[in-house]
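Note sheet for the following structure.
Written as structure tokens, this is what we have:
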């Protein structure tokens with residue numbers, strides 16, 4: 257798992273190299289890692305073997321990458337505008353204050369998940385993981401074509 261996280265981190269660090277030319281691909285790379293981390297944590301909170309250290313590493317990684325994709329949403333990269341397929345709604349730009357609030361909520365909740373995961377209390381972890389998922393859903397509902 258350590259190797260996977262390191263390779264993922266390397267890929268994400270390399271993403272700025274293509275971000276200027278392709279912000280959609282850059283943000284999609286980061287969101288795919290969100291999904292991967294969340295899926296692994298989700299399995300643990302839903303009944304698979306819970307590994308406190310592994311969950312904490314995943315939560316820390318999610319919190320780190322939670323800071324990254326937002327810079328890759330320049331104007332003109334909504335669905336139907338970008339050179340790649342994207343599900344980004346124009347509301348990201350037309351309702352920028354709401355978008356910023358949703359992003360800030362997500363960052364705050366991933367930060368809390370990182371802290372709770374370090375403490376290792378499974379009930380608290382489950383509650384906070386649900387809070388992170390709620391912020392994901394909120395953003396998807398308002399700003400992503402599904």
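In this note's numbering, the protein residues as written are 257 to 402. For glycine and all other residues, C-beta sits at the position ideal for the given N, C-alpha and C.
In the DSSP assignment, what residue or residues form a beta bridge with residue i?
i	result
residue 283	DSSP output for residue 283 lists no bridge partner at all.
residue 344	400
Residue i and residue j: beta carbons closer than 9 Å?
i	j	result
residue 401	residue 345	yes
residue 399	residue 358	yes
Can you give me the Cβ contacts of residue i inside the same chain, cut-off strictly under 7 Å, excluding the 5 residues immediately before and after it?
i	result
residue 376	308
residue 395	358 and 362
Closer than 8 Å by C-beta to residue i: which residues in its own chain qualify, once you throw out the five before and the five after it? Chain order, please.
i	result
residue 323	363
residue 263	Here the model assigns residue 263 a pLDDT of 46, short of 50, so the residue's position is not dependable, and the following value carries that caveat. Cβ neighbours of residue 263 beyond the five flanking positions: none.
residue 278	339 and 340
Note the first and the last residue of the continuous alpha helix (DSSP H) segment covering residue i.
i	result
residue 356	352–375
residue 339	Where residue 339 is concerned, there is no enclosing alpha helix (DSSP H), given that its DSSP letter is neither H nor E.
residue 302	Where residue 302 is concerned, there is no enclosing alpha helix (DSSP H), given that its DSSP letter is neither H nor E.
Quick one: residues in its chain with C-beta nearer than 6 Å to the C-beta of residue i, no 5 flanking neighbours on either side, listed in chain order?
i	result
residue 295	none
Problem - Cβ pair count under 8 Å reaching 3, the stretch 382–391 against the stretch 331–338 - result: A contact is defined here as three or more CB-CB pairs under 8 Å, and the stretch 382–391 fails this definition with respect to the stretch 331–338.
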